[in-house]
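Participant: This note's numbering applies: residue 1051 is where the sequence shown begins, and numbers increase by one.
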Amino acid sequence: MIKGRVLIKKLGLAGVFLIMMGFWGYCYVYAGDFERLDSRGLEGRKPLSISSDETGGQVVWVGTDGGIFRKELSKNGAWQKIVLEDVADVRVNRIEFSSYVPFGYAATSKGVYEIDPVSSLTCKIYSSDQDAENECYGVAVDVGQNIYIATKGGLFVRPGKGKRWTKSIAVLGNKTIDYVYAAGTVLYVAASDGLYRSRDKAKTWEKVFSLSTGSSREEAAEDEEENAEEGVSNRIYAAMGEKGTPSTIYLATSLGGFRSRDEGETWESLPLTGLDSKGILDLILSVSRGALYAATKNGVFRMDGDGWSVIAPLNACHGLVLINEKIFVATSMGIYAFEVNDGNDEIRISINKDTKQDSEYEPTIQEVQQMVIRYCDVSNDKIASWHKEARVKAFLPDLSFGYGNNVYGSYNGIFAVGPNDWQVNLSWELGDLIYSPDQTSIDVRSRLMVQLRNDVLAEATQLYYERKRLLIELSDGFLSSEDLSKRKIRLEEVSALLDRLTGGTFSKVLKSSP
């Protein structure tokens, strides 16, 4: 404090003004239209989480240390506090909305409340007389409308049409569940020792990710020392899916970000270059921009190729939400919003639209294989036709003609001319109906044609799926400029090779797509 007073005294008010102007100028450079939302109505509460509902309206929901608040962005009004049925003030750890049900859920320090986003009415649907089980950290709803609650004392489940809550004892027991996420019928929970997955409505579990194995032992030891100094432990803060790709899942953890494309079977770590801290508190994905955004304790970052770039230097960030391509950030100092528009985003938009359109109208592998078979004339029907023709041949006779003219002569020079002889012979080889000598030739030609068909189909299949992988990589939008150019050139090359095998039909089908 003494140093601060001395500094202000030396700089004077003008110096302090210049520093503040410099800070806000720094913010403006990184995020266009950077703004702090009006805090009227928040009652001075500290935001802890942020969310948006599934009604399609421009409504921001914020969980604070003293209740739930909502704000309609289309109206320049104050925040509205949501009335809870049994308490005036409660700490709201997280608010979740699901496309599977018309309600939202607030996980609080005193249970879970169901929220009607239209009427803003609430009702308590879960509570416990055990303090640990009453401390709720998250809520998820699967495609069957089964509800899952993450608590400090384990995971609780309620069937879609039921009213009774049961605890998932198997494997999880009384473990602290920091986060729960449902992707269709697959459920993921972030426990204190890693990520668990269930495919049978929380009946059985398998561990698919552990923070202790997410990095080397040396790195893990260093991270533990850093976290010990900061008073935190290794944990998974959030899990997020990718719309339209349920097999892809992202993790925000104290050791950085991780991504799996196969429902958690294998993982890849996201780069750390450019981040001010390994601890990623939240992640969101802009589908239209193809950009991944991360919140750390000191700001919001965007993933660019092999690293991150800061776009909003904010202190004490807690969560992110994307509403109509605008990012909202919950911080301890209030709610901030900004839009990011730069050349890189425009490139990603163009790439994503093109590759998604190609992927949407891409012929199936069966259609491509039929194109190859028709062009190379290696259909099974051709072999069947050979066998059929060999049998039909037995009904066709061998036809021969004969002609003779009878002329008789004598020693005295007298000739006698008799009648001319005409002869037509027809013969059948009926044994060819059972087996024809041509079968040997057909068998040889059949083997050669099958081998040729297998070769061209194998090549076409390999090229087809390489093209699909390239489309997926391009649609991610996380490639550097150099890698992007290489992928696009290879995509054109693969398409040309498929055209060679299909006589140009592959490109014709793509061009004829709407």
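We put the CB at the ideal spot given by N, CA and C, even for glycine.
1) Pull the bridge partners of GLU1256 from the DSSP assignment, please.
2) Given this structure, state the Cα-to-Cα distance separating GLY1223 from LEU1237, to the nearest angstrom.
3) According to DSSP, is MET1353 part of a helix, a strand, or is it coil?
4) Jot down the residue ranges of each uninterrupted beta strand (DSSP E) in the stretch 1126–1204, minimum 3 residues, whole runs only, in chain order.
5) Between GLY1369 and THR1323, is the Cβ-Cβ spacing less than 7 Å?
6) What do you reckon, are the CB atoms on GLY1210 and ASN1184 nearer than 7 Å?
7) Could you tell me which residues DSSP puts in a beta bridge with SER1450?
8) Relative to the alpha-carbon of SER1310, which residue among ASN1143, ASP1326, ALA1289, SER1304 has its alpha-carbon at the smallest distance?
9) Could you check what DSSP says for ILE1334 in three-state terms: helix, strand or coil?
10) Report yes if the C-beta distance between VAL1191 and TYR1229 is below 7 Å; otherwise report no.
11) Consult DSSP for LYS1518 and reduce its assignment to one of helix, strand or coil.
12) Excluding the 5 residues preceding and the 5 following ASN1374 in the sequence, name in chain order all residues of the same chain whose CB lies nearer than 8 Å to its CB.
13) Alpha carbon to alpha carbon, what distance is there between LEU1320 and LEU1087?
14) Flag this pair as yes or no: are the beta carbons of GLY1154 and LYS1131 separated by less than 7 Å?
15) Where do the ends of the alpha helix (DSSP H) carrying MET1383 lie?
16) For GLU1315, collect the residues of the same chain with a Cβ closer than 8 Å to its Cβ; drop the 5 residues on either side in sequence, then sort them by chain order.
17) What are the boundary residues of the alpha helix (DSSP H) that includes GLU1417?
18) Out of curiosity, what's the CA-to-CA distance linking TYR1386 and LEU1364?
19) Please tell me whether TYR1287 and VAL1418 are closer than 7 Å, where the distance is taken between their beta carbons.
20) How many angstroms separate the CA atom of LEU1524 from the CA atom of ALA1341?
21) Going by the DSSP bridge assignment, what does TYR1287 pair with across the sheet?
22) Which residue marks the beginning of the beta strand (DSSP E) containing ILE1299, and which one marks its end?
23) Can you tell me whether DSSP reads ILE1219 as helix, strand or coil?
24) According to DSSP, what are the bridge partners of LEU1370?
25) Rounding to the nearest angstrom, what Cα-Cα distance links ILE1100 and LEU1502 in this structure?
Facilitator: Once the coordinates are examined:
1) ARG1247
2) 16 Å
3) strand
4) 1130–1132, 1142–1147, 1154–1158, 1161–1165, 1172–1176, 1186–1191, 1197–1201
5) no
6) no
7) ASN1475
8) ALA1289
9) strand
10) no
11) helix
12) GLN1108
13) 31 Å
14) no
15) Run containing MET1383: none; DSSP gives neither H nor E here.
16) VAL1258
17) 1415–1426
18) 9 Å
19) no
20) 12 Å
21) TYR1287 is not bridged to any residue.
22) 1295–1303
23) coil
24) VAL1379
25) 60 Å
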